[in-house]
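Engineer: Okay, here's the structure, questions in a sec.
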Amino acid sequence: MSAIINSDNGSYDVHLGFWINWSAGKMRGATFTTTKESGGLLIAFIALYVSTSGRSFWRVSCFLLHRLFSSHVPMDGLHHQRQVILRNADTAAQGMMTLIYALKWRRKASRPFRRVLPVLVYAVIIFAAFTASGLFSSQITTNTANEVLLTGKNCGILYRGAATEEMQEIYMRTSDLNEQYATQRSAAYLNYASQCYPSSRAEQSENCRPYIKPKLNYTITGNAPCPFDDTMCLLKSGNLVMETALLDSQEDFGINSPKKRRFGFRVKAQCAPLVTEGFSKIHQPEDPQYDPSVRFYYGEALGVMSHRDKTFTYQVPYNVSTRSVANYTSMQTPNPDFIIGTVTDQFFTPIPRLQRNDSDATLLFLSAPGVIFTKQIDDPWFAAHKIVQGAKLYYGNDTQGTSPYERDAPVGVMGCISQYQFCNPTLPAESQCEPFASSNTSYWDSDEKLWPEKKDQEFVKWGKNIIYASLALAPNSAYTTAGISALLVRANLKAGVLSAEVPKNQWQLEVAHSFEVMLASLQGSFVDNTNGPLSPEYAPAFARPNDTAWRYICENQKIVSALYYSFSVLGLAIILVLGGIFIILENALEAFVNWLDKRRSRRDDPKKTYARLEWQSNTTLQLHRLAYEEAGYGTWQDCAGSLPVTLPGEKLGMLDLRDQKHPKIQHAGYRLRTVITDRTMVDSETSSPKDVDVDNRRLESQEEHVPTRESMRISPVSSLRHSEEGQHQQVVTSTDRQAESDYQQEQRVA
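Going by the UniProt record's numbering, the first residue of the sequence shown is number 1, and it counts up by one from there.
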């Protein structure tokens, strides 16, 4: 693909920031365009933001469900485990997996599926919804395949037809540059049409950029009648009609404008092979230095073509071929090739049987001097049935040779007409279009009927200027600018020999291809107008915008580019606002509900109070506190807050692993016995049997005074008031500290 066409080479000046894509309307079309790098960061942020929003939504749901299920009357283990799961499952995925484990209650609790499955299904739905939202968060880029707006700062038009006097003067002064640029662009359009129009996957192809539509829609009718007088066509039926759909200035050409400021355009072309008998003859010049030619008489020449002999329309050298030179070989002599000549009704006056007042007429003359064919051709434009006398083609071990064929006539002629139509898509269908007409009529006719407002008329007029300045607006233009390379059949031509079989409708394939080149040129003309010259050397050949309507078109041209991201502002706003609501609710809902409960109720509501405290107590850290506090450990503070703590220096117990299938926290009394027992075992290593007996009796005596959970909580003040209980508390505490201190000291010594 030519770099001239491909938008990914960065040769386009793209507007960065906010703009309105009128294809989606004012609100939905609000768009933000940024570079690929910045856009990638924004997409990553949105994906992370959606994930965070999903977590917040789940936590809000858990809070509400926890409050809903809370009960201040005794419930079974499944109920409390479900409450703990709702309180501590940080994400829907975590909650989903933990709720699946809760189904183990199916044979131990009442109606376990009815109590667990609804919450489980809800968690699955939230997980799936926000996972999908995260995956598809990139869809906030506009669903119009990264359409971007050009700045138009180098806007200019390379004009090749009738328009303003300024443009005519520019063209005459810079004709050489004009032709060079036209040749480059034509090659690019030909390449684009060859790659993108035959493809059924043009929309996905990286090569089919930068146009808003990879290819314009058109229809082909292959059995049409003769577009001229019936006596002029070789075929009475089976002729070709090609017609585009109504091409919209916004959707097809990429001019970004409100619906009221749009226009529609339609092209219709009809072609047919023409008879040459009676309209051609061999001309032998009187001066022998000139070769004979075949002249065609389809109308008198006009303009510069008529200054010598205006009686004929076109002429082609007769039997002038490189094969006629002495000692011809394909390695030492230029190979024969096809030749196409064209002439439009701008340069000849068609005879009455070819004349149409509602269209432009074009004649195409195909010759192939010296080209030979290995197979006969029945196509009317390429017809070849004559055996080449004295010539043989040899392949492989063939010693007999095969006689090649040559064309039936030196030249095949095809006639085409082109019609154009402009429409106002905002009007009713029956009155929105002008009749099909020639380019001259269509351009100069007044637009007041379809566009009453002056501004709209100026806009449409500049749209016409760009269209009629395109490089291929007629079937002949592809061959005029791109040359013989536009001929499809040449792909099978080698050393002047066409070995492939040519289908009977090859002429239709050729004309359809030239029509596609014309459509590619139409697409490119609007982008070229906005982007301006590709290099400074061509700048003098371009006219610059000099009025409001033209500047409007320059500043509102869209293309498709993979180098930028265009984001839907509405999509961004919805994601950010909804996500923000979920995040705020997660952090504020609990406090708000608690405040609301207190404000609405002058006295404590047991159910609401229990629900509030249950939510606070079901956190992981509060459950940790409850477990150790129940085992008799620690003097705890902030027991209704987010982080319960003990007094400084307090230590908590370890796990009781005597039953490894049922681990639990060691009770404070068991911990004391373990410490004393360990101490006794250490002492026994150096004690006599008598000492061991004494220690055992001491241990038994101390175990009688193992403190209960209630006695462990007696304050020093209480121990003074209740001397007996205080003595027990002091003894146990002293024994505990002494035993533990001795044990640690012995461990260090060991």
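Ideal placement from N, C-alpha and C gives every residue a C-beta, glycine not left out.
Is the CB-CB distance between residue 34 and residue 48 below 8 Å?
Structural biologist: No, Cβ-Cβ distance for residue 34 and residue 48 is not below 8 Å.
Engineer: To the nearest angstrom, how far is the alpha carbon of residue 158 from that of residue 579?
Structural biologist: 51 Å
Engineer: Report the start-end ranges of each alpha helix (DSSP H) in the region 400-474 that is 4 residues or longer and not cut off at the edges.
Structural biologist: Runs of the alpha helix (DSSP H) lying entirely within the region 400-474, each at least 4 residues long, are 439-444 and 454-468 in chain order.
Engineer: Tell me, to the nearest whole angstrom, how far the beta carbon of residue 314 is from that of residue 363; I am working on the premise that it is less than 8 Å.
Structural biologist: 7 Å
Engineer: Buried or exposed: residue 654, going by 16 or more other Cβ atoms within 10 Å of its Cβ?
Structural biologist: exposed
Engineer: Mind reading off the beta-carbon distance from residue 340 to residue 479? Whole number of angstroms is fine, and I expect it under 8 Å.
Structural biologist: 5 Å
Engineer: Can you tell which of 628, 309 and 616 has the C-alpha that lies nearest to the C-alpha of residue 70?
Structural biologist: 616
Engineer: Which residue wins for smallest C-alpha separation from residue 562, given the options 67, 141, 133 and 88?
Structural biologist: 141
Engineer: What distance in whole Å lies between the Cβ atoms of residue 272 and residue 239, which are believed to be in contact at a cut-off of 8 Å?
Structural biologist: 4 Å
Engineer: Look at the alpha carbon of residue 592 and the alpha carbon of residue 625, and state the distance between them as a whole number of angstroms.
Structural biologist: 26 Å
Engineer: For residue 239, which three-state DSSP category applies?
Structural biologist: strand
Engineer: According to DSSP, simplified to helix, strand and coil, what is residue 218?
Structural biologist: In the structure shown, residue 218 sits in a strand (DSSP, three-state: E or B).
Engineer: Going by DSSP in three states, residue 656 sits in which element: helix, strand or coil?
Structural biologist: strand
Engineer: Quick check: residue 127 and residue 89, are their CB atoms within less than 8 Å of each other?
Structural biologist: no
Engineer: Flag this pair as yes or no: are the beta carbons of residue 187 and residue 218 separated by less than 8 Å?
Structural biologist: no
Engineer: Report, in whole angstroms, the separation of the C-beta atoms of residue 105 and residue 86, which I expect to be a contact under 8 Å.
Structural biologist: Not quite, the Cβ-Cβ distance comes to about 15 Å (not below 8 Å), so this is no contact.
Engineer: Tell me, which residues are paired with residue 606 by DSSP?
Structural biologist: Residue 606 pairs with nothing; no bridge assigned.
Engineer: Need the endpoints of the beta strand (DSSP E) that residue 315 sits in, please.
Structural biologist: 314-317
Engineer: When burial is assigned at 16 or more other CB atoms within 10 Å of the CB, is residue 401 buried or exposed?
Structural biologist: exposed
Engineer: Mind the definition here: the region 340-359 touches the region 374-392 only if three or more C-beta pairs lie below 8 Å; say whether that holds.
Structural biologist: Flag = no, the region 340-359 and the region 374-392 do not touch.
Engineer: From which residue to which residue does the alpha helix (DSSP H) around residue 271 run?
Structural biologist: That residue, residue 271, is in no alpha helix (DSSP H); its beta strand (DSSP E) goes 264-273.
Engineer: Looking at the secondary structure, which residues open and close the alpha helix (DSSP H) in which residue 803 lies?
Structural biologist: Residue 803 is absent from the structure shown; the chain starts at 1 and stops at 750.
Engineer: Look at residue 525 and residue 469 and say whether their C-beta atoms are less than 8 Å apart.
Structural biologist: yes
Engineer: Just reading off the alpha helix (DSSP H) that residue 550 is part of, what are its end residues?
Structural biologist: 548-554
Engineer: Between 421, 95, 192 and 543, which lies nearest to residue 264 when the distance is taken from Cα to Cα?
Structural biologist: 421
Engineer: Please report the straight-line C-alpha distance between residue 21 and residue 410, rounded to a whole angstrom.
Structural biologist: 55 Å
Engineer: Closest to residue 651 by CA distance: which of 629, 662, 642 and 659 is it?
Structural biologist: 629
Engineer: Determine, using beta carbons only, whether residue 644 and residue 636 come nearer to each other than 8 Å.
Structural biologist: yes
Engineer: Around the Cβ of residue 23, are there at least 16 other Cβ atoms within 10 angstroms (buried) or fewer (exposed)?
Structural biologist: Buried, because 16 or more other Cβ atoms sit within 10 Å of the Cβ of residue 23.
Engineer: Which same chain residues, not among the five before or five after residue 610, have their C-beta less than 7 Å away from its C-beta?
Structural biologist: Scanning its chain for C-beta atoms nearer than 7 Å, with the 5 sequence neighbours on each side dropped, one finds around residue 610 the residues 70 and 72, in chain order.
Engineer: Which same chain residues, not among the five before or five after residue 697, have their C-beta less than 8 Å away from its C-beta?
Structural biologist: Because the pLDDT of residue 697 is 47, which lies under 50, any placement of that residue in the model is unreliable, and the question is left without a value.
Engineer: Evaluate the contact criterion for the region 518-538 versus the region 556-570: three or more CB pairs, one atom per stretch, below 8 Å.
Structural biologist: yes
Engineer: In terms of alpha-carbon separation, which member of 27, 634, 551 and 518 lies closest to residue 573?
Structural biologist: If we check each option's Cα against that of residue 573, 27 comes out closest.
Engineer: Per DSSP, residue 761 forms a beta bridge with which residues?
Structural biologist: No answer is possible for residue 761: the residues shown for the chain start at 1 and end at 750.
Engineer: Less than 8 Å between the beta carbons of residue 31 and residue 567, yes or no?
Structural biologist: yes
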